[in-house]
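Asker: Residue numbers (numbering that gives the first Met the number 0), protein chains in the order written: chain C, 0 to 314; chain R, 0 to 314. Note that beta-carbon positions come from the ideal geometry of N, C-alpha and C, so glycine has one too. Sharing a structure below in structure tokens format, with a few things to ask.
There are 2 protein chains.
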Amino acid sequence: MHISLRDTGNCLLRAQKIVITAHINPDGDAIGSSLGLMHALQYLGKDVSILIDDDIPVTFSILPGYELIEKPVKPVSCDLLVVLDTGLERLGQVRELVESKSILNIDHHISNDNAAEFLYLDAERAATAEIICQLFKEMGWGFSLQAATALYTGIATDCGFFRYSNTTPSTMCLAAELLAAGVKPNVISEALERKSYAHVQSMATAMQTIELLDNGRVAGVFLNQELTASMESTEGFIDVVRTINGVDVAVLLKCIEEKLCRVSMRSRYTDVSKIAVSLGGGGHIRAAGCTLRMPFLTAKQTLLSAVSRAIGENR
Amino acid sequence: MHISLRDTGNCLLRAQKIVITAHINPDGDAIGSSLGLMHALQYLGKDVSILIDDDIPVTFSILPGYELIEKPVKPVSCDLLVVLDTGLERLGQVRELVESKSILNIDHHISNDNAAEFLYLDAERAATAEIICQLFKEMGWGFSLQAATALYTGIATDCGFFRYSNTTPSTMCLAAELLAAGVKPNVISEALERKSYAHVQSMATAMQTIELLDNGRVAGVFLNQELTASMESTEGFIDVVRTINGVDVAVLLKCIEEKLCRVSMRSRYTDVSKIAVSLGGGGHIRAAGCTLRMPFLTAKQTLLSAVSRAIGENR
């Protein structure tokens, strides 16, 4: 049942023992909105815990309360389970282990499964953390520095630090209020952007292997098994490829084992989820991926043929 | 003479023929604040031109009015010369070729030379474009989409898309107003992030030359004359250096001519404007630069000594 923001707040106020959860493979918004809400509810005297069935990236250890996030390992009962930043799927063991009198779901994904007893869904918001900010204001809850830091991180990560198309005047005004509460934008961004020296060196190596194909409409980084093994991470590589002038489809292919290659794709125009599906993978129109169980050079050829075909159809 | 924001507006209103200029090596703020102010003044019926004694990076060709920016090539007389985003230095041929009844200077650099007849300086603002936004509001000028696009770009580029420490609640609230005027944040960010294939390759080369110094607290890219000449731009290089784990001061040194090197610095803790001033340059606490008229290796040594000294004092 869709409820109002005020009823969402009242639903929280009525409960005493509250478990907050969010999707597996948690991102800045899942973690930031969970921690932001936790701080407010704790201030109100509630018994609150956060259970997420996955590892929490250490990048987010700068967020106050990070260390309080737990994995569900044993049965728990509570008055209210609050599900953030997803529908009732992708919760891992939480659904099995948490027994709650009711479920409140707060989300900004249009794809929400509408399965929760109480649902506040606003797909116009850049982040679930933006909705939590609105909830604070609706209920007259002040932004503590702890809550503000978590919520700012949730907003900033989901809108690419105010660069993506989902950034609205409301997004920025709420972020301004969080800064006024004492959040240091540079501390957050520096912590989230920090890279090891080794990673920067790997990126330099990878960038030197960038190939332009299909008259510059396709660009790719192709890392053979040796290069892949030499790198601790390939995070951010494809975003560099994506920004090259004239490039529609950016691909990253890494050879993990002799006959196992992983592919990531990003695009400006072409539907890369179709390409990924044709190769046994999946994803979104502008970001998709697949796994190719074949040797490096065969995988590269297979991938590039599929991309060229898609680009041709899209012409 | 320092004047108020209202007097700054009145000074503009009193003039009819206005020339706007900004510093050589113009960045997004120099260009964006110039264009934003131009649009407002043109709307008010003023005869306005922008003269900047340098090439305007093609990246900014998305800004309405970009094609109207000219280089000073012949003597011009006007009622008012408006100098943006710098003091009265770094104007190239503008000082010689523009004869004006008075000079109005609007700037956000604490290092401003205080040489202008009329000066509005607010070093608390993230960008000169932020001051221009405040001027619009003070004077009751509406944000046209053209002006808003230019001013948003000025603000966003000078505060690293709201990631740097100079980003304040005011910065974000004003940016929110510009979005409300129709600015598309993703269009701006994608256009500004677009890089040529050659630039990405140059960046890869530069990143492979990164040196870690002072126990990893200083990191630098040092480009000799040959490497510098091989690169069309070094934009963004220092931001990669800046994100390396543990780095306080990031430096970029490029050798332009045999005895002419340009230095950019960014920092997390150390006041790099002090270092820059000690070497004849200027800037902000976290971002500063200077020109060293000496051979590459001497410049490198001079710079690193000054940085080490500052880091030592800051310990």
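What residues of chain R sit near C/Phe59, judged by a beta carbon separation below 7 Å?
Answerer: Chain R residues near C/Phe59: none, gap ~16 Å exceeds 7 Å.
Asker: Got a sec? Which residues, its chain only, sit under 6 Å from C/Gly91 by beta carbon, not counting five neighbours each side?
Answerer: Here the set comprises Ile23 and Asp52.
Asker: Compare the Cα-Cα distances from C/Leu118 to each of C/Ser3, C/Lys16 and C/Gly282 and report the closest residue.
Answerer: Selected option, being the one with the closest Cα: C/Ser3.
Asker: Within 8 Å (strictly less), CB to CB, does C/Arg152 reach chain R?
Answerer: Sequence inspection shows Thr at residue 152 of chain C; the Arg mentioned does not correspond to that position. By this cut-off, C/Thr152 is not an interface position.
Asker: Please confirm if C/Val199 has its CB atom under 8 Å from at least one CB of chain R.
Answerer: Closer than 8 Å to some Cβ of chain R, the Cβ of C/Val199 qualifies, so yes.
Asker: Just verifying my parser: in three-state terms, what is the DSSP assignment at R/Cys289?
Answerer: Of the three classes helix, strand and coil, the one that applies to R/Cys289 here is strand, per DSSP.
Asker: Flag R/Phe295 as yes if its beta-carbon sits less than 8 Å from any beta-carbon of chain C, otherwise no.
Answerer: Output row for R/Phe295: interface = no.
Asker: According to DSSP, simplified to helix, strand and coil, what is C/Cys132?
Answerer: In this structure, C/Cys132 counts as helix in the three-state DSSP scheme.
Asker: Would you list, in chain order, the members of the stretch 234-250 of chain C that have their beta-carbon closer than 7 Å to a beta-carbon of chain R?
Answerer: Those would be Val239, Thr242, Ile243 and Asn244, in chain order.
Asker: C/Ala174 touches chain R at which residues, Cβ-Cβ below 7 Å?
Answerer: Chain R residues near C/Ala174: Met171.
Asker: Measure the alpha-carbon distance for R/Glu66 versus R/Ser307 and round it to whole angstroms.
Answerer: Using only the alpha carbons, I get a separation of about 44 Å.
Asker: From what residue to what residue does the alpha helix (DSSP H) around C/Ala182 run?
Answerer: Residue identity differs from the one stated: residue 182 of chain C is Val in this sequence, not Ala. Per DSSP, C/Val182 belongs to no alpha helix (DSSP H) and is neither H nor E.
Asker: Between the stretch 201-225 of chain C and chain R, which residues of the former have CB atoms less than 7 Å from a CB of the latter, in chain order?
Answerer: Here the close residues are Met202, Ala203, Met206, Gln207, Ile209 and Leu211.
Asker: If you run the structure through DSSP and keep just helix, strand and coil, what is C/Leu87?
Answerer: DSSP places C/Leu87 in coil when its eight states are reduced to three.
Asker: Taking the alpha-carbon positions, what's the C/Thr170 to R/Leu62 distance?
Answerer: Between C/Thr170 and R/Leu62, the C-alpha separation is close to 24 Å.
Asker: Note down, in chain order, every chain R residue with its Cβ under 9 Å from the Cβ of C/Ala179.
Answerer: By Cβ distance, chain R contributes Thr167 and Pro168.
Asker: Can the beta-carbon of R/Met202 be found less than 8 Å from the beta-carbon of R/Gly235?
Answerer: It is a contact, given that the beta carbons lie within the stated cut-off.
Asker: According to DSSP, which residues form a beta bridge with C/Ala305?
Answerer: Per DSSP, none; premise fails for C/Ala305.
Asker: List the residues of chain R that C/Lys194 touches, going by C-beta distances under 9 Å, in chain order.
Answerer: The contacting residues are Val239, Thr242, Ile243 and Asn244.
Asker: Just the chain R side, please: which residues come within less than 8 Å of C/Lys183 by C-beta, in chain order?
Answerer: Ser164, listed in chain order.
Asker: R/Phe335 CB to nearest chain C CB: under 8 Å?
Answerer: Nothing about residue 335 of chain R can be reported from this structure: the residues present for chain R run from 0 to 314 only.
Asker: Return the CA-CA distance between C/Leu11 and C/Val186, expressed in angstroms with no decimal places.
Answerer: For C/Leu11 and C/Val186, the distance between alpha carbons rounds to 31 Å.
Asker: Any heavy atom of the ligand SAM closer than 7 Å to the Cβ of C/Lys70?
Answerer: Absence of the ligand SAM is noted for the structure shown, with no ligands found whatsoever.
Asker: Can R/Gly153 and R/Asp54 be called in contact, C-beta distance under 8 Å?
Answerer: Their beta carbons are not under 8 Å apart, which means R/Gly153 does not touch R/Asp54 by this criterion.
Asker: Taking just the CA atoms, how far does C/Gly280 sit from C/Ile274?
Answerer: Answer to the nearest angstrom: the Cα atoms are 8 Å apart.
Asker: Identify which residue in R/Asp121, R/Glu95 and R/Glu189 has its Cα closest to the Cα of R/Asp106.
Answerer: Per the Cα distances, R/Asp121.
Asker: According to DSSP, is R/Ile2 helix, strand or coil?
Answerer: Three-state DSSP puts R/Ile2 in coil, outside helix and strand.
Asker: I'd like to check one pair, R/Leu96 with R/Ile71: are the Cβ atoms closer than 8 Å?
Answerer: First, the residue type needs correcting, since residue 71 of chain R is Pro and not Ile in the sequence shown. Result yes, Cβ atoms of R/Pro71 and R/Leu96 sit closer than 8 Å.
Asker: DSSP puts R/Ser76 in a beta bridge; with which residues?
Answerer: DSSP, once it has assigned bridges, lists R/Glu98 as partnering R/Ser76.
Asker: By the criterion of Cβ-Cβ separation under 7 Å, what are the contact partners of R/Ser188 in chain C?
Answerer: Neighbours of R/Ser188 on chain C, chain order: Arg162.
Asker: DSSP has C/Ala218 in a bridge; who is on the other side?
Answerer: C/Ala218 is bridged to C/Leu211 and C/Ala249.
Asker: Can you find a C-beta in chain C that's less than 8 Å from the C-beta of R/Arg124?
Answerer: Cβ-Cβ to chain C under 8 Å: no for R/Arg124.
Asker: Can you tell which of C/Gly219, C/Thr233, C/Ser229 and C/Glu225 has its C-alpha closest to the C-alpha of C/Lys299?
Answerer: Comparing Cα positions, the closest option is C/Gly219.
Asker: Is R/Arg308 close to chain C, meaning its C-beta is less than 8 Å from at least one C-beta of that chain?
Answerer: No, no contact with chain C.
Asker: For R/Ala21, I'd like the list of residues in its chain whose CB is within less than 6 Å of its CB, leaving aside the five on either flank, ordered along the chain.
Answerer: So the list reads Ala29, Ser33, Ile51, Leu83 and Asp84, once near-sequence residues are dropped.
Asker: For a test of the three-state rule: what should DSSP assign to R/Leu296, helix, strand or coil?
Answerer: Looking at R/Leu296 - three-state DSSP - the assignment turns out to be helix.
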